[in-house]
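Trainee: Position one of the sequence shown corresponds to residue 1 (the UniProt record's numbering), numbered consecutively onward. Cβ atoms here follow ideal geometry from the backbone N, Cα and C, with glycine treated the same way. Keep in mind that this is a model prediction, so the values were computed, not measured.
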Amino acid sequence: MERVRVALLGCGSVGSQVAVALAPGSESVAELSARAGVAIELVGIAVRDASAPREGVDGVLDRALLTADADALVTRADVVVELVGGLEPARSLLLRAFEHGASAVTGNKALLAAHGRELHAAADAAGVDLYFEAAVAGAIPIIRPLRESLAGDRVERVLGIVNGTTNYVLDQMDSRGETFDAAVARAQELGFAEADPTADVDGWDAAAKAAILATLAFHTPVTIDDVHREGIRSVSAEDVAAAREAGAVVKLLAVAERTTGVDDAGNEVEGVQARVHPVLLSREHPLASVRGAYNAVFVEAAGAGDLMFYGQGAGGRPTASAVLGDLVTLARHRQDGSQGPRVLGHADLPVLPTDAVRTRYQVRLVVADRPGVLAAVAQVFAAHGVSIETVRQRPSAGAVAGEGGSASLVVVTHTAADAALAGCVADLSELDAVASVASVLRVEGDS
Ligand SMILES: NC(=O)C1=CN([C@@H]2O[C@H](COP(=O)(O)OP(=O)(O)OC[C@H]3O[C@@H](n4cnc5c(N)ncnc54)[C@H](O)[C@@H]3O)[C@@H](O)[C@H]2O)C=CC1
Ligand SMILES: N[C@@H](CC=O)C(=O)O
Ligand code: NA
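(1) Alpha carbon to alpha carbon, how far is D171 from V136?
(2) How far does the beta strand (DSSP E) with A256 in it reach, from first residue to last?
(3) Going by DSSP, what residue range makes up the alpha helix (DSSP H) through S28?
(4) How big is the Cα-Cα spacing for A102 and E133?
(5) Suppose only complete runs of 3+ residues qualify. What are the beta strand (DSSP E) ranges in the segment 343-377, listed by chain order?
(6) Where does T319 fall in DSSP's three states?
(7) Are three or more beta carbon pairs between the segment 43-59 and the segment 340-353 nearer than 8 Å?
(8) Where does the unbroken beta strand (DSSP E) through Q312 begin, and where does it stop?
(9) State the beta-bridge partners of Q393 as determined by DSSP.
(10) With a CB to CB cut of under 6 Å and the five nearest residues on each side skipped, what residues in its chain are close to R392?
(11) Could you work out which residue in A210, V235, R244, F218 is closest to R229 when comparing CA atoms only?
(12) Just to confirm before moving on: does the CB-CB distance between A50 and A68 stay below 8 Å?
(13) Taking E148 as the reference, which of Y131, A139, I161, A383 has the closest Cα?
(14) Distance check for D369 and S321, CA to CA, integer angstroms please.
(15) Could you tell me if the beta carbon of N108 falls within a distance shorter than 7 Å of some heavy atom in ligand 2?
(16) Return helix, strand or coil for R96, following the three-state DSSP convention.
(17) Which ranges would you report for the beta strand (DSSP E) in the segment 125-212 if only whole runs of at least 3 residues count?
(18) Once the 5 residues before and after F298 are set aside, which same chain residues still bring their CB inside 6 Å of it?
(19) Look at the alpha carbon of F381 and the alpha carbon of L253, and state the distance between them as a whole number of angstroms.
(20) Closer than 8 Å is the cut-off here; do at least three beta carbon pairs connect the segment 84-99 with the segment 285-294?
(21) For ligand 2, is there any heavy atom lying closer than 7 Å to the beta carbon of G164?
(22) Starting from L421 and walking both ways along the alpha helix (DSSP H), at which residues does that stretch end?
(23) Quick one, are the C-beta atoms of A46 and G10 less than 8 Å apart?
(24) Is the distance from the Cβ of A438 to the Cβ of E178 below 8 Å?
(25) Pairing CB atoms from the segment 333-347 with CB atoms from the segment 114-130, are three or more of them under 8 Å?
In structure tokens, the structure reads:
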């Protein structure tokens with residue numbers, strides 16, 4: 001094969017960076033071709049409106065490459081780079097590409113978490129590659145380590161910060177006291193957020209990534225519907241301030257792990273679980289130092305032990321790095337007729353129900369500062385079988401200890417089931433001595 005024809009679908013935050021790197025006649029595409037051992041030729045860029053101006057691309061690329069006919073474009077390519085996002089027409093375009101014998105690179109985690117099994121099966125049936133390093137943690141190489149480097153190991157748990165937008169928002173709230181809305185708007189301006197930022201804020205993006213991580217780590221198909229998902233809208237400025245006072249920080253954590261739980265038939269089983277939710281982390285925890293739109297992923301494996309991956313999880317240019325790395329690999333495979341490792345699960349472990357989540361919790365209460373309150377609160381946790389790990393009490397701001405004022409009571413529990421914790425919160429709210437249940441946050445590490 002003298003050349004590998006590349007069709008680029010989408011020319012937005014990420015696609016525009018890829019387009020410039022592949023500009024015909026550029027030094028960058030010559031360098032990428034040399035690394036692949038074959039000429040990489042951009043044959044077209046599918047956009048919604050071929051006549052619209054394209055900042056950063058006009059003057060670099062021949063506008064004759066632009067087309068609104070993605071359907072036709074994918075039939076003229078050896079490798080399709082899908083960066084339009086969303087489920088359709090991305091899914092149909094990739095299936096069409098495979099039908100025409102093309103391989104594909106995508107960063108589309110929403111698509112892979114919803115239709116990954118179908119897409120990987122179609123790529124395998126067509127004898128072509130589907131690579132997706134950009135889909136999880138942006139520029140960070142985490143897909144290849146799980147898919148290739150750790151293929152001979154037993155991965156027990158993968159956890160981390162895998163959404164740059166929410167990490168940026170929480171970091172801005174913590175470090176600069178910025179409001180939630182202002183931080184989200186800034187993340188959009190910086191090109192971190194999805195086209196619809198609720199995908200980030202409500203945890204959908206991190207959940208999609210957790211599903212992909214679980215599928216690779218445990219060789220078991222896990223979809224977005226299998227993931228327990230919570231976003232960050234429930235995290236208040238007071239939560240962030242209270243965390244800081246306690247030497248902690250709030251982060252959106254994704255976890256994919258082997259664990260035991262109760263299946264739908266009520267039997268205790270060994271299975272896999274994926275979850276995304278805010279957590280309170282001690283500032284001593286390595287994940288607490290992940291700032292801005294950076295991501296970090298920890299992998300715990302039986303043979304390799306603990307591994308940590310860190311880098312930019314969002315942003316057009318960092319993400320384009322992962323896309324271009326996959327492209328060079330696929331161009332090489334097209335040239336020498338090879339293929340990457342299979343992704344499809346063969347282990348098919350039970351995927352535990354999304355309500356089978358058990359974590360430690362921090363419950364922050366505003367209570368009357370008088371005798372017997374602590375005992376009454378402790379009794380509620382005992383009644384629901386929730387074991388208390390630590391209790392901290394101090395007078396509320398401006399109140400004097402012990403004179404019947406109000407106090408802040410912070411209870412950290414041992415691991416508990418969500419349902420038991422919900423029962424505690426409901427009963428605590430009914431106690432006369434409890435003015436309010438100010439916040440309920442899951443806890444990770446030794447916070
Ligand atoms: N922005 C980031 O930091 C990262 C994005 N990704 C993923 O990469 C993909 C692209 O993301 P962005 O570049 O940020 O999105 P974007 O919204 O900036 O760009 C998408 C582009 O595709 C175009 N488009 C949409 N539907 C189209 C269609 N049917 N035909 C032709 N063009 C169409 C849009 O007009 C837009 O220009 C998404 O799947 C996203 O989840 C992955 C990692 C990081
Ligand atoms: N919107 C996503 C983009 C990268 O995957 C994020 O914020 O992480
Ligand atoms: Na990545």
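Mentor: Let me spell this out:
(1) When rounded, the distance between both Cα atoms is 20 Å.
(2) Element bounds for A256: 248-262.
(3) Per DSSP, S28 belongs to the alpha helix (DSSP H) from 27-36.
(4) Straight-line Cα distance between these residues: approximately 18 Å.
(5) The segment 343-377 contains these whole beta strand (DSSP E) runs: 358-368.
(6) Residue state, collapsed to three classes: helix.
(7) Touching, no.
(8) Element bounds for Q312: 305-312.
(9) When DSSP reads this structure, Q393 sits in a beta bridge with L409.
(10) Excluding residues within five positions, the ones whose Cβ falls inside 6 Å are V410.
(11) Of the listed residues, the one whose Cα sits closest to R229 is A210.
(12) Their beta carbons are under 8 Å apart, which means A50 touches A68 by this criterion.
(13) Checked all of Y131, A139, I161, A383; the closest Cα to E148 is Y131.
(14) When rounded, the distance between both Cα atoms is 56 Å.
(15) Because no heavy atom of ligand 2 lies under 7 Å away, the Cβ of N108 does not count as near it: no.
(16) Looking at R96 - three-state DSSP - the assignment turns out to be helix.
(17) Every beta strand (DSSP E) stretch that sits fully inside the segment 125-212 and reaches 3 residues is listed by chain position as 155-161.
(18) Same-chain partners within the cutoff: L159, G160, M308.
(19) Between F381 and L253, the alpha-carbon positions lie close to 25 Å from each other.
(20) No contact exists between the segment 84-99 and the segment 285-294.
(21) For ligand 2, at least one heavy atom lies less than 7 Å from the Cβ of G164.
(22) Element bounds for L421: 418-430.
(23) The criterion of a C-beta distance shorter than 8 Å is satisfied by A46 and G10.
(24) By the CB criterion at 8 Å, A438 and E178 fall outside the cutoff.
(25) Segments in contact, yes.
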